[in-house]
Structures are given as structure tokens and as C-alpha cells.
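Engineer: Right, I'll just put the structure down here and ask away after.
Numbering (the working numbering), first residue to last: 581 to 932.
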């Protein structure tokens, strides 16, 4: 121990952990036979029980995942305080004897003069449980069902609906501008409904603070402007998109507080909704009838196939019967011919 206090390798460890902890760790290493044969208990300046002493180790603590430590920190027991009392040496003897019994055979003695280090095993890292995927909400399920059942109105009806809806909303915006945005109308010279497009109105209304604050959905302005784009570009849309346009058109009239224009849009929304439902029912009924007819045709085909198979079997059977009958007939004729030949031969022999 006197040599270890001045050794350049062990001195920093003694300064960091203290003499007592250093002595405890060295004691454990000696118990595990990690030192050369030249080291004895007298060399280490303490009395240590014989290595063959048997002590039952009764308490075990479950292993816990801990951060990776240095070689020296692994040797220092977690329950040994930095400033341990002198009685620790006496209490740790049995514990260390039990540890010695469990030490693996792969440990080998270190060369003399070197302080052996303990083998560090990597701490197994466990990935945290991944968050479970959120299940779809009822609204999302309903949207999926509606998208699956999407139908298309005749294109002429789609286009006329979008054109009328654009005209009504442009009228609502112009009426609102006359009452609340007269300065904006004068500044741009907008003196009639036809002077301002629906998309232009959406750009200006979205930039007005007290109006945009009342809008809960940020895509309302772009959605309403899409009504004009659909009408101008003649874009085909399904029933789901059409319903979305009508819903957003109603919201816009409510924001602008244009009651008369809102009533017109609601009437269009109601009538178009009924038309879509009627078309959906009609198409569904036609599809159901078609499926029934296809099933009947398939069943009839199956029966015809069975009848055809039976007819082919009967044909083969009749052929075999005809061939058998022909065979018997030929055999009978041959027998008669054979008898006639025998009779002729007999009488010919008598005549001779």
C-alpha cells in the first residue's frame, strides 16, 4: 500500500476516491486472485479471511440499466460511500468471499507490479417503446366512407352550379364592400358586381384583420376561390368536392352577414344535396340490379355447363353402345359365314 500511494498510476485513483475506497477495491481484486502470486495479505497491509472460506450470499438485487462507467468506477461498489467508516472492512469480508466463489474462471492473474482492471461489460440498451399509431377518428372514417361513395353529377350540371355559386358569392362580397369597404371600392374603381372576381375578393378579405379573425379554418379563402377556378377551368368534380364548396360558401355568407345571399346558397345546397342523394340511390339500385342479373347469368351458365357436360357424357355413352352393337352384329355375320364355309367344305368332301 505504501508503494501504491506514490505510484503514478494508482496515486490519481487514491486522490480521487480516497485511501479507504482504494483499499476496499484492491482487497476485492486480491480476493478474486487478480494479483500475482507474490502478493500476500501482509503486502496489502490488512488481515483478510482465507479465500476458501464459505459464506452464503443471501441477498441479490435485480440488475438495473446504468450509464456506462469507467473501468475503475465499475470496481467501486455503489453502496460504499466516499468516506466509509472503519467497520466496512469487517462487514465486507463475507460478501467478498461469496463474490469470489462466483468469479468466472476467465480471470487470470495480472503481471506483478501492475494494478489489474476489471472487465467492463457493455450495458444493454433498450429502445423505448414506440408510440402506438393513432387509430382513425370517427370523422376520418366517415370521410373515407363518403369518398368511397363519391358520385359525379352530369358535367353540365356541375358547371352551371359552380357558375351560379360564383355569381352569388361575388354579389355577396360586393354588397358587403358597399357597406363596409366603400373606400376599397372607390380606390380600385369597382362600381359593379362584375368588376371584381371571386378570387380577388378572397385575397382582400383574408388581409382584413377583423374578418380573418372570425375564420376558424385557414383554407376557407382558398376553397371559396377554388369555386371560380373550377367554373373557369371547367374542372370535373365529384359529389364530395361539390359538398365542400357549398359548405364553405355558406360559411362565407355567414361571416359577411349577407342573409339574403346566404339563403340563396342554402337553397342551392339543399336542392343539390337532394339531387345527389337521389342520383346515388338510383345508381346504387342500378348497380344492385346489375349484380343480381350477373349472378343469375352466372348461375345459368353453371347450369348450362353442367347440361353440356351431361350431353357430352351421353354422347360418349351412345357411341360406345353403337360400337358395341356393331361389333356384335359383325361377329354374328362372321359366325354365319364361318358356318356356311364349313357346310360347303363338308359337302365338297362328300362329292369327291
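Note that the Cβ used here is the ideal one computed from N, Cα and C, for glycine as well. Here the structure is a predicted model, which means the values were calculated and not measured.
Grab me the residues of residue 756's own chain with a C-beta within less than 7 Å of its C-beta, minus the 5 sequence neighbours each way, in chain order.
Structural biologist: Within the same chain, residue 756 has close Cβ partners 836 and 838.
Engineer: In the structure shown, what three-state DSSP assignment does residue 902 receive?
Structural biologist: DSSP places residue 902 in helix when its eight states are reduced to three.
Engineer: Can you name, in chain order, every residue of its own chain whose Cβ lies under 6 Å from the Cβ of residue 781, other than the five neighbours on each side?
Structural biologist: Once the five neighbours on either side are set aside, the close Cβ partners of residue 781 are 753.
Engineer: How should residue 733 be labelled, buried or exposed, when 16 other C-beta atoms within 10 angstroms of its C-beta is the threshold for buried?
Structural biologist: Under this definition residue 733 is a buried residue.
Engineer: Residue 852 by DSSP, collapsed to three states: which one?
Structural biologist: Correct three-state label for residue 852: helix.
Engineer: Three-state secondary structure (DSSP) at residue 891?
Structural biologist: Helix, per DSSP.
Engineer: How many Å lie between residue 831 and residue 803 at the Cα?
Structural biologist: Straight-line Cα distance between these residues: approximately 11 Å.
Engineer: From which residue to which residue does the alpha helix (DSSP H) around residue 765 run?
Structural biologist: Counting along the chain, the alpha helix (DSSP H) containing residue 765 begins and ends at 762–768.
Engineer: Going by the CB atoms, is the gap between residue 822 and residue 738 shorter than 8 Å?
Structural biologist: Taking 8 Å as the Cβ cut-off, residue 738 and residue 822 qualify as a contacting pair.
Engineer: Have a look at residue 826 and residue 845 and give me their C-alpha separation to the nearest angstrom.
Structural biologist: Rounded to the nearest angstrom, the two C-alpha atoms are 7 Å apart.
Engineer: Return the CA-CA distance between residue 930 and residue 920, expressed in angstroms with no decimal places.
Structural biologist: Approximately 16 Å, taken between the alpha carbons.
Engineer: Going by C-alpha distance, which of 812, 859, 824 and 769 is nearest residue 800?
Structural biologist: Measuring from the Cα of residue 800, the nearest candidate turns out to be 824.
Engineer: Under the assumption that residue 848 contacts residue 742 (Cβ atoms under 8 Å), give the Cβ distance between them as a whole number of angstroms.
Structural biologist: That pair is no contact at about 11 Å.
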